Amino acid sequence: MTTRPQNDFHVTVTPLESGEVLLRLSGDLDYDSADELLAAARDRLALEPVPRVVRLDCARLTTCDSMGLATLLMIERLAGDIGAALRLDGRPHFLGRLLEVTGTMEYFAPAPSAESPASTEAEGVRRARQPDGQARSDQGS
């Protein structure tokens, strides 16, 4: 009989004075731990004042599987629904590669400068995503 090692995933939530909230992640973000992260994020996003930025410190993540990625995308959507930005800080190489390969990097990359017209256009297109995940352009036809 083979026993699976216990998942050593931890999430620590720290509100910051800057109107941001920091969630420090450590361990394996996978099928077994995804619910813990999602619950912590939902609980914090439901509190007042609503954070302007949600930062996930990923520097101590050891793995992230497809369920972990799906959870990150769910948190991005929840944050966007309340007008908060989501940032993935301290991305390990494996997480950056996962985001690249799956085409989801755009959801977590730092926002371009606010003065850039391209950033305004890109943000408008990104925010115009439909619930089914398909993008539509808000530009006139």
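For my numbering, count along the sequence shown from 1 and bump the result up by 12. In this text, a Cβ means the ideal position worked out from N, Cα and C, and glycines have one as well. As the structure is a computational prediction, the values presented were derived from the model and not from experiment.
### Message
Since L68 and P104 should fall inside the 8 Å C-beta cutoff, what is the C-beta to C-beta distance between them, to a whole number of angstroms?
### Response
Actually they do not touch by this definition, with Cβ atoms about 12 Å apart.
### Task
Report buried or exposed for A71, applying the criterion of at least 16 other Cβ atoms within 10 angstroms of its Cβ.
Burial state of A71 is exposed, judged by a 10 Å Cβ sphere holding fewer than 16 other Cβ atoms.
### Message
Using a Cβ-Cβ cutoff of less than 6 Å, which residues in the same chain neighbour S38 once the five nearest sequence positions on both sides are dropped?
### Response
Excluding positions up to five away in sequence, the list reads H22, R72.
### Query
Nearest-angstrom Cα distance between P27 and E60?
11 Å
### Message
Quick check on the DSSP output: the alpha helix (DSSP H) that includes A52 runs from which residue to which?
### Response
46 to 57
### Task
Spatial neighbours of T116 within its chain, please: CB distance less than 6 Å, with the 5 preceding and 5 following residues excluded, ordered by chain position.
none
### Message
Output needed for T114: all residues of its chain with C-beta closer than 7 Å, excluding positions within five of it in sequence on either side, in chain order.
### Response
L81
### Query
Are L34 and I94 close, meaning C-beta to C-beta below 7 Å?
In this structure, L34 sits away from I94, with a CB-CB distance that is not shorter than 7 Å.
### Message
According to DSSP, simplified to helix, strand and coil, what is E32?
### Response
strand
### Query
So which of S30, V25, V65, D77 has the shortest CA-CA distance to S45?
D77
### Task
Apply the 10 Å Cβ neighbour rule to R54 and answer buried if 16 or more other Cβ atoms are within range, or exposed otherwise.
exposed
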